[in-house]
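Worksheet: the structure to be examined is printed underneath.
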Amino acid sequence: MSKLHLMDDKDLVRLYQQGNQEAISELIDRYKQRIHSSIFFLVRNPELTEDLFQDTFIKIIQSLRKNHYNEQGKFLPWALRIAHNLVIDYFRKQKLMPLQYDSEEFSVFDIMASNSKNASEQIIHDEKINYVRALLDKLPFEQKEVVILRHYGGLSFKEIAQLLDININTALGRMHYAILKMRELVSKEGNVLKD
Amino acid sequence: MIKRTTYSDLLQYAYNEKGLCEGDRIQRDIDGDPLIAQEYKELIGTLELLNLAAPSVSDESVKRILSFC
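Chains C and R supply the protein sequences, listed in that same order.
The numbering of the first sequence is our numbering, which starts it at 1227 and goes up by one.
The numbering of the second sequence is our numbering, which starts it at 4 and goes up by one.
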């Protein structure tokens, strides 16, 4: 049985650079959800998320092959920086502000496991998901960015501060204001969250 | 001087960013102060709400990445 899942990121990177293909599969498996969610909540467009998610890992693979990875074992912050830069580049090229909403035809049925819910439960569940996503969209971008990187990306506040080139107290302050804002919105309009 | 738990402390504690000693101190403050306990409860409630919204990665995307390797 493979012991790759027990290895740390640094060793997996080294193994991949020595030609072990399974090592990169393990790294993808380990971090795909965090990286994917971080991209999704910044761009809020499912197709674009898939493109940028693939581009992120392709860039990661290219960098590893060229031995450009030198993050002393901190794979996730490095990978999220690549994802973040690709998102920002995309918005710069499009001259867009990063607030793309889901298209109407996008359905959470496409992405959520629904096997344990009946139709009406599923509809209520989908409403809740859409409501929470809309809550995030109502935050100022700087606050939303910190929430995404901390909650979905799994970076520490210190790592977020380094990535965004801000003070850790600024990162914590943005998260605090985001939580207050979300709580305020839920108390005003959060009926959809009640069972 | 006794340090009082701030909202930033609660945030870092909620995400397991505090060490054992500081974590113990924060938990004692939560247990001993109803205002801090309420603040923490609401914080955790909001973070749990965020858990609802995460999308899943498509298998197709992962396959495409692996085909590039």
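Even glycine gets a Cβ: it sits at the ideal position worked out from N, Cα and C.
Could you say which of the options lies nearest to residue i if we only look at CA atoms?
| i | options | result |
| --- | --- | --- |
| R/E20 | C/R1400, C/L1253, C/I1394 | C/I1394 |
| C/Q1259 | C/E1410, C/Q1388, C/E1347, C/A1309 | C/A1309 |
| C/I1254 | C/L1238, C/G1245, C/Q1243 | C/L1238 |
| C/L1232 | C/R1240, C/E1252, C/G1245 | C/E1252 |
| C/R1409 | R/S59, R/I68, R/L53 | R/L53 |
| C/P1272 | R/D27, R/A57, R/C72, R/T9 | R/A57 |
| R/R31 | R/D12, R/S61, R/S59 | R/D12 |
| C/D1352 | C/L1419, C/L1230, C/V1269, C/I1405 | C/L1419 |
| C/Q1320 | C/E1368, C/V1269, C/E1347, C/Q1348 | C/V1269 |
| C/F1317 | C/L1278, C/N1246, C/K1300, C/I1374 | C/L1278 |
| R/G35 | R/R67, R/R7, R/E45, R/L69 | R/R7 |
| C/K1300 | C/I1350, C/D1235, C/N1293 | C/D1235 |
| C/L1302 | C/K1414, C/D1391, C/E1415, C/I1386 | C/I1386 |
| C/F1423 | C/S1382, C/L1390, C/N1356, C/L1230 | Within the shown structure, residues of chain C are numbered from 1227 to 1421, placing residue 1423 of chain C beyond reach of any answer. |
| R/Y10 | R/S59, R/L46, R/V60, R/K66 | R/L46 |
| C/S1437 | R/V60, R/S59, R/G48 | Residue 1437 of chain C is absent from the model: chain C starts at 1227 and stops at 1421. |
| C/L1436 | C/N1356, C/T1396, C/W1304 | In the structure displayed, chain C extends from 1227 to 1421; residue 1436 of chain C sits before or after that span and is not available. |
| C/K1292 | C/K1229, C/L1312, C/R1240, C/N1311 | C/R1240 |
Are the CB atoms of residue j and residue i within a distance shorter than 8 Å?
| i | j | result |
| --- | --- | --- |
| C/F1267 | C/L1362 | yes |
| C/L1290 | C/G1379 | no |
| C/V1372 | C/R1400 | yes |
| C/Y1282 | C/I1314 | In the sequence as displayed, the identity of residue 1282 of chain C is Thr instead of Tyr. Not a contact, by the Cβ cut-off of 8 Å. |
| R/S64 | C/E1276 | yes |
| C/L1398 | R/L38 | no |
| R/R18 | R/G26 | Inspection of the sequence shows that residue 18 of chain R is occupied by Tyr rather than by Arg. Contact: no. |
| C/K1364 | C/L1406 | no |
| C/I1284 | R/F71 | yes |
| R/L55 | C/K1354 | yes |
| C/Q1369 | C/A1404 | yes |
| C/Q1288 | R/I68 | no |
| C/S1264 | C/I1392 | no |
| C/Y1242 | C/I1250 | yes |
| R/I33 | R/A40 | yes |
Output, in chain order, the set of chain R residues within a Cβ distance shorter than 7 Å of residue i.
| i | result |
| --- | --- |
| C/V1358 | L52, L53, L55, A56 |
| C/L1398 | S11, L14 |
| C/F1283 | I68 |
| C/K1258 | V60, V65 |
Which residues in chain C sit within 8 Å of residue i, going by Cβ to Cβ distance?
| i | result |
| --- | --- |
| R/C24 | The contacting residues do not exist; R/C24 stays about 18 Å from chain C at best. |
| R/T49 | I1405, M1408, R1409, V1412 |
Which residues in chain C sit within 7 Å of residue i, going by Cβ to Cβ distance?
| i | result |
| --- | --- |
| R/L46 | I1405 |
| R/R67 | Q1280 |
| R/I64 | Strictly speaking, residue 64 of chain R in this sequence is Ser, with Ile absent from that position. Here the neighbours are E1276, F1279, Q1280. |
| R/S61 | E1276 |
| R/Y18 | R1376 |
What residues of chain R sit near residue i, judged by a beta carbon separation below 8 Å?
| i | result |
| --- | --- |
| C/M1401 | L14 |
| C/Y1378 | L53, A57 |
List the residues of chain R that residue i touches, going by C-beta distances under 9 Å, in chain order.
| i | result |
| --- | --- |
| C/I1250 | I68, L69, C72 |
| C/K1354 | L52, L55, A56 |
| C/Q1247 | L69, C72 |
**Request:** Can you check the segment 1278-1307 of chain C for any alpha helix (DSSP H) of at least 4 residues that lies completely inside it and give the ranges in chain order?
**Result:** none
**Asked** Fully enclosed by the segment 1236-1280 of chain C, which beta strand (DSSP E) runs are 3 residues long or longer?
**Response** none
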